[in-house]
Amino acid sequence: MSVMKKTVLFGAGLGATQFIANFQHERDFIAIFDNDESKHGSAVSGIPIKHPNEILTTDFEELVIVSQYVKDIKRQLLEDIGLPETRIVTPQKNKLKNPRPFENPNSMSLAREIVCVFNQMAIEASYPLSLDFGTLLGIVRDKDIIAWDDDIDFAAPVNTEDRAFSLCEQFIEKQSNNLHWKAEKIFNNRGVCTCILLTFESNNEDYKSFITSICFREEKENKSLHLPSLGMWYSPALHFQTLETIDWNGQTLQVPAKYKEYLSFLYGDWQTPKKDIQFDDYANLQSVSMDEIKEQ
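Here it is as structure tokens:
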């Protein structure tokens, strides 16, 4: 019988919830640490959230970073707190999400439909909605959605959330697959909509759920900043100032300008498939201050 590893997490967001669900039978979760003082004293999945200054006095074997701000949190752990690097774990991204929904044939079919229908609606409305991240990578490299990916990624300009939300509503109205759909606008503390999340639930096991996100980008200092990550993910602005179109199985899809250069900026060697990508595997990430993360 294997012994469950005493584990603490850093980051009290959705990644923590999914990681706990994925590894509840393999790890003994002791505590969750987060820089957001408003979360201290509450809990995620029954696990208490504490201040990072309690890390060194807590009995655990491994600390797992379950936040997208891996680079900055790891620096905090090593330099400010003094935690040995051997006790810090950075998991693959898919460990923080519903594992591989597109291995389900129905979910894969639905994901392809979302890519095509949203592009068709956006083009008809002259709306600059673009494929992004892993969805763009799969369509360009593999000519399909990546089977081991976990969501559908779109990008759009900041302050266009009403137009994006309208696309979600139109899509939901057309659905006849007995799934329960929800579209939600996500705002930061400054009242700026950073993304729209389109989700669904199924009453049976015919589908594995996944998220479709329309993430908004803002141009600053010749950079296109991905707002949900506070600009941690960014690119040269030219890639999103205008869009190109490509053909995919007879469907016209909108993609960033010079999309192959964009993929190189984002992933480095994007032509070599990599199943277990980590947050710190991206070729270009900007640092985000802890104060910015707290204020998000």
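Here the sequence shown is numbered in the working numbering, starting from 25 and rising by one per residue. In this text, a Cβ means the ideal position worked out from N, Cα and C, and glycines have one as well.
- In the DSSP assignment, Phe234 falls outside any beta strand (DSSP E), carrying neither H nor E.
- Per DSSP, the unbroken alpha helix (DSSP H) holding Leu160 starts and ends at Phe157 to Leu161.
- Following the DSSP letters along the chain, one finds Phe224 in no alpha helix (DSSP H) but inside the beta strand (DSSP E) bounded by residues Cys217 to Glu225.
- Asp173 counts as buried, since at least 16 other C-beta atoms from the protein chains shown sit within 10 angstroms of its C-beta.
- The beta carbons of Val32 and Ile79 sit closer together than 9 Å.
- Cβ-Cβ distances below 6 Å link Asn130 to Asp230 and Tyr231 in the same chain, with the five nearest sequence neighbours on each side left out; the list follows chain order.
- When the Cα atoms are used, Leu203 and Ile176 turn out to be separated by approximately 17 Å.
- Cys239 is positioned such that its CB atom lies no closer than 9 Å to that of Ala149.
- A contact between stretches requires three or more CB pairs, one per stretch, nearer than 8 Å, and the segment 189–206 fails this requirement with the segment 154–162.
- Cys192 is not bridged by DSSP to any residue.
- For Thr82, the secondary structure class from DSSP, reduced to helix, strand or coil, is coil.
- The beta carbon of Leu267 sits closer than 8 Å to the beta carbons of Pro152, Ser154, Gln278, Val279, Pro280 and Ala281 from its chain, once the five residues preceding and following it are set aside; these are given in chain order.
- The secondary-structure analysis by DSSP pairs Leu277 across a beta bridge with Ile270.
- Counting of Cβ neighbours within 10 angstroms places Phe43 among the buried residues, the total reaching 16 or more.
- Beta-bridge partners of Glu242 (DSSP): Leu249.
- Beta-carbon to beta-carbon, Ile147 and Thr276 are separated by about 6 Å, close enough to satisfy the 8 Å threshold.
- Assignment of His64 by DSSP, reduced to helix, strand and coil, places it in the coil class.
- Close CB contacts of Gly274 within its chain, under the 7 Å cut and outside five residues either way in sequence, are absent.
- Of the other Cβ atoms in all chains shown, 16 or more fall within 10 Å of the Cβ of Phe126; this residue is therefore buried.
- Annotated as distal: Ser253 and Gln116, with beta-carbon spacing of 9 Å or more.
- Beta-carbon to beta-carbon, Leu287 and Val88 are separated by about 29 Å, too far to satisfy the 8 Å threshold.
- Contact annotation: Leu309 and Lys95 have beta-carbon atoms nearer than 9 Å.
- Around the Cβ of Ser259, a 10 Å sphere holds 16 or more other Cβ atoms; the residue is buried.
- Contact between His263 and Trp257 does not hold, since the beta-carbon distance rounds to 12 Å and is not under 8 Å.
- Under the criterion of beta carbons closer than 8 Å, Lys206 and Glu185 do not qualify as touching, at roughly 16 Å.
- The straight-line gap separating the alpha-carbon atoms of Asn227 and Asn201 is approximately 11 Å.
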